[in-house]
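Trainee:
Residue numbers (the working numbering): 1 to 208.
Okay, structure coming up:
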């Protein structure tokens, strides 16, 4: 597929030394998923000619800036990295340049949702995610852990503050509560779509 905005991409590449090959990787992927060109040696099988829509998923301003420069939809990993969510969305919408794939900005944001019949039940289920992120801080990756009754006894105050910030885009409670929280969040972010994650330990509870 024909890709525009090359001057903007080159300027972005100069500004972001730590990810200086990523814009080229995205452009190459677009070409591989586009129509076969004369003399093209490398082909994606399957892939060539499918024009699969490409998204930029990011947790920093860089991803938002790249999505805007290439005219691609942007997804924020705010379900675990929310610190720059509002700034990233503002930057993406302000700098967006239309492309063959997308005529106007289109943003998706990530959230966590833990829903149960009562607030206490939902809060207990949520301790699985809280434990998981705490363990990440401790360098102890592993499987999802069963929920616990007292999360305060599990983590330190510093860990609690850090993890709570990471999980600030989380909606926990009974359906009416979560609906209200999510409605306010959508009004704030003006997101077009949501990524909804929910690290609930019990499969039956997760499906429900």
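Think of the CB as a built atom: it goes at the ideal place given N, C-alpha and C, for glycine as much as any other residue.
Tell me whether residue 62 sits in a helix, a strand or coil according to DSSP, three-state version.
Mentor: Assignment of residue 62 by DSSP, reduced to helix, strand and coil, places it in the helix class.
Trainee: For the pair the segment 94-102 and the segment 163-183, tell me if three or more CB-CB distances fall below 8 Å.
Mentor: no
Trainee: Quick one: is residue 30 buried, meaning 16 or more other Cβ sit within 10 Å of its Cβ, or exposed?
Mentor: Flag for residue 30 reads buried.
Trainee: If I measure Cβ to Cβ from residue 26 and keep anything under 6 Å in the same chain, skipping five residues before and after, which residues do I get?
Mentor: none
Trainee: Can you tell me which of the three DSSP states residue 75 falls into?
Mentor: strand
Trainee: So, helix, strand or coil for residue 22, using DSSP?
Mentor: Collapsing the DSSP output to three states places residue 22 in a helix.
Trainee: Please name the residue, chosen from 189, 150 and 147, that lies closest to residue 105 on a Cα-to-Cα basis.
Mentor: The shortest C-alpha separation from residue 105 is found at 189.
Trainee: Relative to the alpha-carbon of residue 35, which residue among 83, 48, 108 and 28 has its alpha-carbon at the smallest distance?
Mentor: 48
Trainee: Cutting at 6 Å between CB atoms, please list the residues of its own chain near residue 191, excluding the five before and the five after it.
Mentor: Excluding positions up to five away in sequence, the list reads 107 and 109.
Trainee: Measuring straight from C-alpha to C-alpha, what distance separates residue 171 and residue 73?
Mentor: 24 Å
Trainee: Assign residue 191 to one of three DSSP states: helix, strand, or coil.
Mentor: coil
Trainee: For residue 151, does the three-state DSSP call read helix, strand or coil?
Mentor: In the three-state reduction of the DSSP assignment, residue 151 falls in the helix class, which pools H, G and I.
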